[in-house]
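Undergrad:
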């Protein structure tokens, strides 16, 4: 699959998330556990997400993934327990879209990684934004994920 990559200027955005360590094979289960917990926290406090769920990948190796899963919010909120309040970083980022199942999303990451290495411009932890996924659409070929790689 061909990936169109563009450089965008992003605004910082408040967020709430849970950070957890897992493995590459355990990612699906981790997201199925964490996203409902964060959603429940937002509902409990009467806060609407200002966008779809996301995952921030602080480290990614087959046997060790350090990930944050959560939602952006319009205004900063307090964290609670495992729920951390923070900010999705703004600034320049390389962005592309992956259309299809998650088991092929590595191709989009490879394209972004090559783009960044060619430029020598890596600036932080990549994230995936899940615009359409299994909770919205039963056909995995229609899932839409935006990939964001911060640049320095």
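In our numbering, the protein residues as written are 7 to 158. Glycine is no exception: its CB is placed at the ideal position from the N, C-alpha and C atoms. Everything numeric in this text was worked out from a predicted model, so none of it was measured.
(1) Determine, for residue 118, whether the minimum Cβ-Cβ distance to residues of chain D falls below 8 Å.
(2) Could you have a look at residue 148 and say whether DSSP puts it in helix, strand or coil?
(3) Hey, could you find the ends of the beta strand (DSSP E) residue 18 is sitting in?
(4) For residue 60 and residue 134, which I take to be in contact (beta-carbon distance under 8 Å), what is that distance rounded to the nearest angstrom?
(5) Can you tell me where the alpha helix (DSSP H) holding residue 30 begins and where it ends?
(6) Less than 7 Å between C-beta atoms, sequence neighbours within five positions excluded: which residues of the same chain meet that for residue 47?
(7) Could you check if residue 44 is buried or exposed, using at least 16 other CB atoms within 10 Å of its CB as the buried criterion?
(8) Please name the residue in 10, 37, 64 whose C-alpha comes closest to that of residue 176.
(9) Just how far apart, CA to CA, sit residue 58 and residue 19?
(10) Span of the alpha helix (DSSP H) holding residue 81?
(11) Roughly how many angstroms lie between the CA atoms of residue 91 and residue 124, to the nearest whole one?
(12) Whose CA, out of 109, 96, 114, lies closest to the CA of residue 103?
(13) Should residue 151 go down as buried or exposed, given a rule of 16 or more other Cβ atoms within 10 Å for buried?
(14) Check this for me: beta carbons of residue 14 and residue 99, under 8 Å apart or not?
(15) Would you tell me roughly how many angstroms separate the C-alpha atoms of residue 11 and residue 148, rounded to the nearest one?
(16) So the beta strand (DSSP E) residue 97 belongs to, where does it begin and stop?
TA: On the basis of the supplied data:
(1) Absent from the structure: chain D. Only one protein chain is present.
(2) Look at residue 148 here: in three-state DSSP terms it is helix.
(3) First-last for residue 18: undefined, no H or E at that position.
(4) That belief holds up - the Cβ atoms of residue 60 and residue 134 are roughly 6 Å apart, short of 8 Å.
(5) Taken as a continuous stretch (DSSP letters only), residue 30 belongs to no alpha helix (DSSP H), as it is neither H nor E.
(6) If the five residues before and after residue 47 are omitted, its C-beta is found closer than 7 Å to the C-beta atoms of 22, 86, 89, all from its own chain and listed in chain order.
(7) Under this definition residue 44 is a buried residue.
(8) Since the displayed the chain opens at 7 and closes at 158, residue 176 lies outside it and no answer follows.
(9) If you take the alpha carbons of residue 58 and residue 19, they lie about 13 Å apart.
(10) It is not in any alpha helix (DSSP H) - residue 81 carries neither H nor E in the DSSP assignment.
(11) Straight across, the Cα-Cα distance linking residue 91 with residue 124 is about 34 Å.
(12) Measuring C-alpha to C-alpha distances from residue 103 to each of 109, 96, 114 identifies 114 as the nearest.
(13) Note on residue 151: 16 or more other CB atoms within 10 angstroms of its CB, so buried under the neighbour-count rule.
(14) Yes; because the gap between Cβ atoms is below 8 Å, this pair is in contact.
(15) Residue 148 has its alpha-carbon roughly 20 Å from the corresponding atom of residue 11.
(16) Note, residue 97: beta strand (DSSP E), 97-105.
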